[in-house]
Every structure is written in C-alpha cells, then in structure tokens.
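Asker: The number in this note's numbering is simply the position in the sequence shown, starting from 1, with 6 added.
Shown below is the structure under consideration.
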Amino acid sequence: MSPTKSPTKKSPATTTASKRTGAEAGASTTSRQNAEKGFVASKGLGERLQAVLVDLLELSMQGKQAHWNVVGRNFRDTHRQLDDIIDAARAFSDTVAERMRALHAVPDGRSGTVSTTTTLREYPQGEVDTSQTVDLITERLEATVATMRRVHDAVDEEDPTSADILHAIIEKLEQYAWMVSAENRTPTS
7 MSPTKSPTKK
17 SPATTTASKR
27 TGAEAGASTT
37 SRQNAEKGFV
47 ASKGLGERLQ
57 AVLVDLLELS
67 MQGKQAHWNV
77 VGRNFRDTHR
87 QLDDIIDAAR
97 AFSDTVAERM
107 RALHAVPDGR
117 SGTVSTTTTL
127 REYPQGEVDT
137 SQTVDLITER
147 LEATVATMRR
157 VHDAVDEEDP
167 TSADILHAII
177 EKLEQYAWMV
187 SAENRTPTS
C-alpha cells in the first residue's frame, strides 16, 4: 500500500480570503454606511464649514510663524499667549473638520487649499516686534471670527448643531482678540 498524500485542508476563512483581492478583501467601505442614514450636509453647508476650517488652519499656522519670530518687550508673555491661540485654533479646526465628516462633507486641509482660500492676509516673514505682532494676530483673530459670523446664519438655518460649535469658537476667539489687543491699548481718560 503506497502512502497517499492527503490534500492540505484549508479553513473556510482561508479559502474565502484567498479568493478575494483588493476591494473584495475589505479594502473598501460599503456605498452607504449605517451612520449615513442621519443628517447629511448640503453642498452649501459643507462649503461654509470649509471656509471656517481653512481660516482656523491658517490662523494656527500664522500663529506659529508669529510665535517663532516675535521679538521685543513682553516677548515671553506674547510668546506664551501665542501658544494658547495656536492650540485653540488647532483644536477648533479639528472640531470643525470632524463635524464636517459627521455630516458626510469632506474637509480639505491641504496646504494649497488653505493658502488659496483663506481670508487671512499673509503673515510677514522675519522678526516682528511684539507690538506689531499683537496688532497682526488681533487682525487675524478678528478675520477668522468675521468668516464665522458671515456664514453663521446660513449654517444655523440648516444645522443648529454646527452653529452651536461656531458660537463656542467665536466666543473664545473674540476673548483672545480682546486679551491680545489689550497689550497695545492705553486707558481712555
């Protein structure tokens, strides 16, 4: 009796997996996920939230540019205050981008998109005096808030939850603008 070679047995999972490739192997998602049965942003809502997103991303980048290059009186206080603004802008941009994803809009935070669509003016290159830094950062905070206020009513009409997010961000950025600008103010009396 000659020994017979028994075929190697494969588990059903291995057999099935070996037959699948690419998208069939789980590399893609279904065309309609369970979460998509909820609220889906209109194109306009997505565009308005995108406008807010790019200004927040640009604010964080310009804040970092200012942080690295600020010089002069009150350097340390300004340097630290910029850290707070940068951290807030980054957190807020993440909140807005994740809200967009929750509404099935696609955020675009690529550098080219941000640089061509932001409403913030370009920050100057090189060292910048603390007094000028205060004015420049205040201007950028106010410009970012202006974008949010410009889109707010339309956002609120379609999605009050997203409008609530904007409210919280506006409140904090306006507080930062007040606190930063106070550095250059003199009493009026």
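All residues carry an ideal CB built from backbone N, CA and C; glycine is no exception.
(1) What residue range is occupied by the uninterrupted alpha helix (DSSP H) comprising GLY208?
(2) So, THR144 versus ARG79, is the Cβ gap smaller than 9 Å?
(3) Measuring alpha carbon to alpha carbon, tell me which of ASN190, THR122 and VAL77 ends up nearest VAL6.
(4) Restricting to Cα atoms, I'd like to know which of PRO193, ALA169, SER195 and GLY52 is closest to LEU109.
(5) Determine the DSSP secondary structure at TYR182, reduced to helix, strand or coil.
(6) Taking the beta carbon of ASP61 as the centre, do at least 16 other beta carbons fall within 10 Å, making it buried, or is it exposed?
(7) Count the C-beta pairs between the region 56–74 and the region 89–100 that are closer than 8 Å, then say yes if the count reaches three, no if not.
(8) Between which residues of its own chain and THR192 is the CB-CB distance below 8 Å, once the five residues before and five after are set aside?
(9) Any contact of the region 145–164 with the region 120–129, i.e. 3+ C-beta pairs under 8 Å?
(10) Looking only at its own chain, which residues have a Cβ that is under 6 Å from the Cβ of GLN71, when we skip the five neighbours before and after it?
(11) What do you get for PRO166, buried or exposed, if any count of 16 or more other CB atoms within 10 angstroms of its CB means buried?
(12) Which same chain residues end up closer than 8 Å to PHE45 when comparing Cβ atoms and leaving out the 5 residues on each side of it in sequence?
(13) What is the C-beta distance between ALA57 and VAL157, in whole angstroms, given that I count them as a contact (C-beta under 8 Å)?
(14) Report the CB separation of LEU59 from VAL112 in whole angstroms; it is logged as a contact under 8 Å.
(15) Considering only the alpha carbon of each residue, which of ARG82, LEU88, SER99 and ALA183 lies closest to VAL120?
(16) Quick one: what does DSSP say ASP90 is sitting in, helix, strand or coil?
(17) Could you tell me which uninterrupted beta strand (DSSP E) segments, each at least 3 residues in length, are contained entirely in the region 78–164, listed from first to last along the chain?
(18) Whose C-beta lies closer than 8 Å to the C-beta of ALA169 among residues of the same chain, with five residues either side of it excluded?
(19) Tell me the DSSP secondary structure of PRO193 in three-state form.
Answerer: In brief:
(1) There is no way to answer for residue 208, as the model of the chain reaches only from 7 to 195.
(2) On the sequence shown, residue 144 is found 138 positions in, with the first residue counted as 1. On the sequence shown, residue 79 is found 73 positions in, with the first residue counted as 1. Contact: no.
(3) This structure cannot speak to residue 6, because the chain is shown only from 7 to 195.
(4) For the purposes of this step, residue 109 is taken as residue 103 along the sequence shown, with counting starting at 1. The shortest C-alpha separation from LEU109 is found at GLY52.
(5) Translated into the one-based positions of the sequence shown, residue 182 becomes position 176. Looking at TYR182 - three-state DSSP - the assignment turns out to be helix.
(6) Translated into positions along the sequence shown, residue 61 becomes position 55. Around the CB of ASP61, 16 or more other CB atoms lie within 10 Å, so the residue is classed as buried.
(7) Flag = yes, the region 56–74 and the region 89–100 touch.
(8) As a first step, residue 192 is located in the sequence shown; it is residue number 186 there, counting from the start. Result list for THR192: empty, nothing under 8 Å.
(9) Touching, yes, given that three or more Cβ pairs across the two stretches are closer than 8 Å.
(10) Along the sequence shown, one-based indexing puts residue 71 at 65. Contacts found: TYR129.
(11) Mapped onto the sequence shown, residue 166 falls at position 160. Exposed, by the Cβ-count rule.
(12) Numbered from 1 along the sequence shown, position 39 holds the residue referred to as residue 45. LEU109 and ASP165.
(13) Translated into the one-based positions of the sequence shown, residue 57 becomes position 51. Translated into the one-based positions of the sequence shown, residue 157 becomes position 151. For a cut-off of 8 Å, the C-beta gap from ALA57 to VAL157 is around 6 Å, short enough to register as a contact.
(14) One-based indexing of the sequence shown puts residue 59 at position 53. One-based indexing of the sequence shown puts residue 112 at position 106. Contact between LEU59 and VAL112 does not hold, since their C-beta atoms are separated by about 11 Å, which reaches or exceeds 8 Å.
(15) What you label residue 120 is simply residue 114 of the sequence shown in a count that begins at 1. Among ARG82, LEU88, SER99 and ALA183, the Cα nearest to that of VAL120 belongs to SER99.
(16) Taking the sequence shown and counting its residues from 1, one reaches residue 90 at position 84. Helix.
(17) With a minimum length of 3 residues, no continuous beta strand (DSSP E) run stays inside the region 78–164.
(18) Position 163 of the sequence shown, counting from 1, holds the residue named residue 169. Short of 8 Å from the beta carbon of ALA169, and not among the five residues preceding or following it, lie these beta carbons of its own chain, in chain order: HIS158, VAL161 and ASP162.
(19) Counted from its first residue, the sequence shown places residue 193 at position 187. Coil.
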